[in-house]
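Structure record follows, encoded as structure tokens.
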Amino acid sequence: AQSVTQLGSHVSVSEGALVLLRCNYSSSVPPYLFWYVQYPNQGLQLLLKYTSAATLVKGINGFEAEFKKSETSFHLTKPSAHMSDAAEYFCAVSDRGGGNKLTFGTGTQLKVEL
Amino acid sequence: NAGVTQTPKFQVLKTGQSMTLQCAQDMNHNSMYWYRQDPGMGLRLIYYSASEGTTDKGEVPNGYNVSRLNKREFSLRLESAAPSQTSVYFCASSRIRDTEAFFGQGTRLTVV
């Protein structure tokens, strides 16, 4: 069975500071991995995805994530936080099988302070 | 391009009442999903449909039923609502063998 662990339910950074959101996964097969963002009262929007091509994946809004098989990690980073980055972020893993079901982590709420 | 459309956006039910949440996608996707989102628990899969004509249980199917009406539409039914089903419900869709899922805007359901 696959699972995702997001360390830190709440992360607070200053505007302009590095954003680091942590995600570790467990999967019996090589995974597909995703980061989604959710703004208040909205649905989820895909930030980026890893599907076994390059291990460093670039996404929208300046975010990127690196797949590290040895650490079973897929941490999300952004060099300089902006106020508009304040949202909830979800890491997810796909089973790659029939249906491509996503298993989500519990989410990390990012707060950006002046 | 509408993407994934859910109706209604908000609903209040009394315990024991029934209702159906509607979902439609216009991206010609084969797979469709229903998730519920609760604080501190992320999104949990209720039911999914890998392709038209098939449905399968997810992680938390109890108290729910689904119908894949056609390739575009996937509905979620609560036969006898309970307060534990108070949640935000999201419908999503994806292509088979392509893993990105697209989400609707959600239905906020309160059962009193």
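From first to last, the protein sequence lines stand for chains S and Z. Heads up, the first sequence is in my numbering, so the first residue is -19 and it goes up one at a time. Heads up, the second sequence is in my numbering, so the first residue is 106 and it goes up one at a time. For every residue, glycine included, the Cβ atom is placed at its ideal position computed from N, Cα and C.
Original post:
Is there a Cβ from chain S that is less than 8 angstroms from the Cβ of Y152 of chain Z?
Top reply: Answer no: the Cβ-Cβ gap between Y152 of chain Z and chain S never drops below 8 angstroms.
Original post:
If you measure beta-carbon to beta-carbon, which residues of the stretch 23 to 35 of chain S are closer than 8 angstroms to chain Z?
Top reply: G23, L24, Q25, L26, K29 and T31
**OP:** Quick one: which unbroken beta strand (DSSP E) runs of 3-plus residues sit fully inside the stretch 158 to 210 of chain Z? Chain order, please.
**Re:** Every beta strand (DSSP E) stretch that sits fully inside the stretch 158 to 210 of chain Z and reaches 3 residues is listed by chain position as 169 to 173, 179 to 183 and 192 to 199.
Original post:
Going along the stretch 53 to 86 of chain S in order, which residues come within less than 7 angstroms of chain Z, judged by CB to CB distance?
Top reply: F70, S74, G78, G79, N80, K81, L82, F84, G85 and T86
Subject >> Residues bridged to Q89 of chain S [DSSP beta-bridge criterion] >> reply: Partner(s): S:H(-10) and S:E68.
**OP:** May I ask whether a heavy atom of the ligand PLP can be found less than 7 angstroms away from the beta carbon of N4 of chain S?
**Re:** The ligand PLP is not part of the structure shown, which contains no ligands of any sort.
Original post:
Which first and last residues belong to the beta strand (DSSP E) in which A34 of chain S is found?
Top reply: First-last for A34 of chain S: undefined, no H or E at that position.
Original post:
Using the beta-carbon of each residue, which ones in chain S are nearer than 7 angstroms to A206 of chain Z?
Top reply: L82
**OP:** Determine the DSSP secondary structure at N41 of chain S, reduced to helix, strand or coil.
**Re:** helix
Original post:
Could you give the residue range of the beta strand (DSSP E) that holds S6 of chain S?
Top reply: V(-1) to S6
**OP:** Go ahead and pull the three-state DSSP assignment for M63 of chain S.
**Re:** Here M63 of chain S sits in helix by DSSP.
**OP:** May I ask you to verify whether the stretch -18 to -8 of chain S touches the stretch 32 to 45 of chain S, counting CB pairs closer than 8 angstroms and requiring at least 3?
**Re:** no
Original post:
Along the chain, where does the beta strand (DSSP E) that runs through L150 of chain Z open and close?
Top reply: Counting along the chain, the beta strand (DSSP E) containing L150 of chain Z begins and ends at G147 to S154.
Original post:
Is it the case that the Cβ atoms of A186 of chain Z and V216 of chain Z are separated by a distance below 8 angstroms?
Top reply: yes
Subject >> Contacts around Y19 of chain S, its chain only, beta-carbon distance under 6 angstroms, and the 5 residues preceding and following it disregarded >> reply: A67
Original post:
Run through DSSP, which three-state label would V17 of chain S get?
Top reply: Three-state DSSP puts V17 of chain S in a strand.
Subject >> Burial state of F43 of chain S, where buried means 16 or more other Cβ atoms lie within 10 Å >> reply: buried
**OP:** Taking C-beta pairs closer than 9 angstroms, name the residues in chain Z that S(-11) of chain S reaches, listed in chain order.
**Re:** G145
Original post:
Where DSSP assigns a beta bridge to K58 of chain S, which residues make up the other side?
Top reply: S:V(-1)
Original post:
Smallest Cα separation from L27 of chain S: which of S:S(-6), S:S8, S:D65 and S:S50?
Top reply: S:D65
**OP:** Using 10 angstroms around the beta-carbon of H62 of chain S, count the other beta-carbons present and answer buried if the total reaches 16, otherwise exposed.
**Re:** With fewer than 16 other Cβ atoms inside 10 Å of its own Cβ, H62 of chain S counts as exposed.
Original post:
With distances taken from CA atoms, which of S:Y5, S:S(-6), S:G(-4) and S:V(-7) is nearest S50 of chain S?
Top reply: S:Y5
**OP:** Compile a chain-ordered list of the residues in the stretch 126 to 138 of chain Z whose CB is closer than 8 angstroms to at least one CB of chain S.
**Re:** When CB distances to chain S are screened at a threshold of 8 angstroms, the residues of the stretch 126 to 138 of chain Z falling below it are S136 and Y138, in chain order.
Original post:
For chain A, is any of its Cβ atoms less than 8 angstroms away from the one on G163 of chain Z?
Top reply: Protein chains in the displayed structure are S and Z, and chain A is not among them.
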